[in-house]
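When you line the sequence shown up against our numbering, it's residues 8 to 233, in that order. Glycine is no exception: its CB is placed at the ideal position from the N, C-alpha and C atoms.
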Amino acid sequence: MSSRRTVMNRASRLYDRCTYYGSAPVPLADYVESVAAQSPIRDRPTMADLKHALKDLLVHPGIFCQLGQALSSGAAICLYGAPGNGKTSLTERLTKAFGSDIWIPRAVKVDDEIMRIYAPAIHELAEVDQANMERVDARWVRIKRPTVIVGGELTLESLELQADRATGIVEAPVHLKSNCGTLVIDDFGRQRVITTDLLNRWIVPLEKSYDFLNTPSGKKVQFPFE
8 MSSRRTVMNR ASRLYDRCTY YGSAPVPLAD YVESVAAQSP IRDRPTMADL
58 KHALKDLLVH PGIFCQLGQA LSSGAAICLY GAPGNGKTSL TERLTKAFGS
108 DIWIPRAVKV DDEIMRIYAP AIHELAEVDQ ANMERVDARW VRIKRPTVIV
158 GGELTLESLE LQADRATGIV EAPVHLKSNC GTLVIDDFGR QRVITTDLLN
208 RWIVPLEKSY DFLNTPSGKK VQFPFE
């Protein structure tokens, strides 16, 4: 009886700390492994893949070749030019060159914190064969490779783990939600944050393909950024 009471008391304390309800979060190690397995740079897109992704746009052959070389490098791409010349339209479609859908967890367990990854407002669900639904792990969601676009609303704070004080649930920052897809910073230089501060913040993540983030409990944790 005392053992049951101890369990109930612990459950009550944990609920007071976090009100997350839903599929069990996956371990951080499983999430890291899934990102590595589905990274867009594992299979370099071919020119045929790029043509298919941009099939509804009229692209100058020179720009087309430059885009192909940039995508094959697996590095960050900077598109610049006059307003209205199609930069955003191009970036919205580049993710399609990397092909297939991916699986992401609904939430990830980071020590004693629960970090939510799946965001219906950002991630578009992909079809799952109904015949295989019984074999699908409900902790994971099949989505189309994400293209996450941020503009002037981007701040340094939005690149950190954000804990909801009311629910205790930690929200993954925007660049983690774009993992295995494309993160587009639209109208670069018009953000609320100073441009040099933003570039300095991105030095390690862009070069190393990982980022260090502080959990609400104060622990620094390494996360993938692919």
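Close beta carbons around Met54, own chain, < 6 Å, minus the five adjacent residues each side: Position 47 of the sequence shown, counting from 1, holds the residue named residue 54. Same-chain partners within the cutoff: Gly75.
Using the Cβ count rule (16 or more neighbours within 10 Å means buried), how would you classify Ile210? Taking the sequence shown and counting its residues from 1, one reaches residue 210 at position 203. Classification of Ile210: exposed, given that the 10 Å Cβ count is below 16.
Contact set for Val200: own chain, Cβ-Cβ below 6 Å, skip 5 residues either direction: By 1-based counting over the sequence shown, the position of residue 200 is 193. Correct list, in chain order: Thr162, Leu163.
Thr189 bridges to which residues according to DSSP? Within the sequence shown, residue 189 is the residue found at index 182, counting from 1. According to DSSP, Thr189 bridges with Thr154.
With a threshold of 7 Å on Cβ separation, who are the neighbours of Ile109 within its own chain once the five nearest residues in sequence on each side are excluded? Locating residue 109 in the sequence shown gives position 102, where the first residue counts as 1. Result list for Ile109: Gln45, Ile150, Arg152, Cys187, in chain order.
Spatial neighbours of Ala18 within its chain, please: CB distance less than 6 Å, with the 5 preceding and 5 following residues excluded, ordered by chain position. In the sequence shown, counting from the first residue as 1, residue 18 sits at position 11. Unreliable positioning characterises Ala18 in this predicted model, as indicated by a pLDDT of 49, which lies under 50. A coordinate reading is not provided.
Note the first and the last residue of the continuous beta strand (DSSP E) segment covering Asn221. Translated into the one-based positions of the sequence shown, residue 221 becomes position 214. Judged by DSSP secondary structure, Asn221 falls within the beta strand (DSSP E) whose first and last residues are 217 to 221.
If you check the beta carbons only, do Val157 and Tyr125 fall under 7 Å apart? As a first step, residue 157 is located in the sequence shown; it is residue number 150 there, counting from the start. As a first step, residue 125 is located in the sequence shown; it is residue number 118 there, counting from the start. Pairing Val157 with Tyr125 gives a Cβ-Cβ distance that is not under 7 Å.
Rounded separation between Pro101 and Lys184 - CA only: The count along the sequence shown starts at 1 and reaches residue 101 at position 94. The count along the sequence shown starts at 1 and reaches residue 184 at position 177. Residue identity differs from the one stated: residue 101 is Leu in this sequence, not Pro. So the alpha carbons of these two residues sit roughly 17 Å apart.
Going by the beta-carbon positions, is the gap between Pro52 and Ala104 smaller than 7 Å? In the sequence shown, counting from the first residue as 1, residue 52 sits at position 45. In the sequence shown, counting from the first residue as 1, residue 104 sits at position 97. Yes.
Determine the direct distance from the alpha carbon of Leu86 to that of Gln229, and round the result to whole angstroms. Counting from 1 along the sequence shown, the entry for residue 229 is found at position 222. Counting from 1 along the sequence shown, the entry for residue 86 is found at position 79. The C-alpha of Leu86 is placed about 29 Å away from the C-alpha of Gln229.
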